[in-house]
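Worksheet: one structure, shown below.
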Amino acid sequence: MKPHLEDVYRRLLEAYGPQNWWPGQSPFEVLVGAVLVQNTSWKNVHKAIANLREADLLEPRALFAVPAEELEELIRPAGYYRVKARRLRNLLEFVVQRYNGSLEAMFQTPLHQLRQELLSVHGIGPETADSILLYAGNLPTFVVDTYTYRVFSRHGWAAFDATYDDLKEEFESGLPADPALYNEYHALLVRVGNQHCRKTPRCQGCPLAPLLPRGGPLEP
DNA sequence: GCCCAGGTGGGTA
DNA sequence: TACCCACATGGG
477 MKPHLEDVYR
487 RLLEAYGPQN
497 WWPGQSPFEV
507 LVGAVLVQNT
517 SWKNVHKAIA
527 NLREADLLEP
537 RALFAVPAEE
547 LEELIRPAGY
557 YRVKARRLRN
567 LLEFVVQRYN
577 GSLEAMFQTP
587 LHQLRQELLS
597 VHGIGPETAD
607 SILLYAGNLP
617 TFVVDTYTYR
627 VFSRHGWAAF
637 DATYDDLKEE
647 FESGLPADPA
657 LYNEYHALLV
667 RVGNQHCRKT
677 PRCQGCPLAP
687 LLPRGGPLEP
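With the working numbering applied, the first sequence covers 477 to 696.
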């Protein structure tokens, strides 16, 4: 039996409290972070962002003007620095050329259209695109990630072969289109995933454990 | 030393 | 479609 999405959310929020992801930062800083954090811990990304801030480069045109090799060195602590420098520059080129370097202008674009545009940038996949839309643009698009998939499939609430878009649709059709809710929900799923999903014995003390099917977590 | 982290794109069958 | 792989630094 599938619990209501609100019930899962309530349990996580009661257990952990608000996660306050990406608080007090500029939308551009969030956008940069969304690329740098790909398959990487936030701690590493923070060092890279600090380098960019130190160099006064947290602005689209300024950062795009930085030579590729220099950008690589600045973001090196975030890992995959050559790939990410390329991806970041692709995104900056898009923002500068399509929106004249204005994120404010960019986020005026209708959500679905902008999402498609972001996905067409090489190196921007669904999670990065949705993170930018939600956390930088405050637009109501749900961010799915490996933890969302892991938590929901192991509880039997999603098929093991569910796609990104399957899960995204599941959340968006089952919840009010509220950016603040999507923001917190995603952050809480990452939190519970980090804290419990790869520990053994699994699910000990997990706030979602009471919702597990009999026999414990499912495996593919 | 080993495993993993808030993914994405390319290659092969 | 379904896998498999490269990409890289830093923390537990």
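A virtual CB, placed ideally from N, CA and C, is assigned to each residue, including glycine.
Expressed to the nearest angstrom, what Euclidean distance is found between the alpha-carbon atoms of V571 and L688?
44 Å
Of all the options L609, R630, G493, which has the alpha carbon lying nearest to the alpha carbon of F504?
L609
Can you say whether F540 is buried or exposed, counting buried as having 16 or more other CB atoms within 10 angstroms of its CB?
buried
DSSP state of S517 mapped onto helix, strand, coil
coil
Can you tell me whether N659 is helix, strand or coil according to DSSP?
helix
Can you grab the Cα-Cα spacing for the pair L657 / A581, in whole Å?
Cα-Cα distance, rounded: 24 Å.
Beta-carbon proximity of V506 to A653, cut-off 7 Å
no
Assign L595 to one of two classes, buried (16 or more other C-beta atoms within 10 Å of its C-beta) or exposed (fewer than that).
exposed
So which of R574, G691, F647 has the shortest CA-CA distance to E482?
F647
For Q514, count neighbouring C-beta atoms within 10 Å of its own C-beta (all shown protein chains included) and say buried if the count is 16 or more, exposed if not.
buried
Does the separation of the CB atoms of Y492 and R667 fall below 7 Å?
The answer is yes: Cβ separation under 7 Å.
Please report the Cβ distance between A696 and C679, rounded to the nearest whole angstrom; I am assuming they are in contact, meaning their Cβ atoms lie under 8 Å.
Just to set this straight, residue 696 is Pro in the shown sequence, not Ala. Their Cβ separation, rounded to whole angstroms, is 17 Å, which puts P696 and C679 out of contact at 8 Å.
According to the Cβ coordinates, are L568 and L587 closer than 7 Å?
no
So, is S502 buried or exposed, given that buried needs 16 or more other C-beta atoms within 10 angstroms?
exposed
For F583, does the three-state DSSP call read helix, strand or coil?
The three-state reading of DSSP puts F583 in coil, since its state is none of H, G, I, E or B.
Look up N670 in the DSSP assignment and say whether it is helix, strand or coil.
helix
Secondary structure of P479, DSSP reduced to three states
coil
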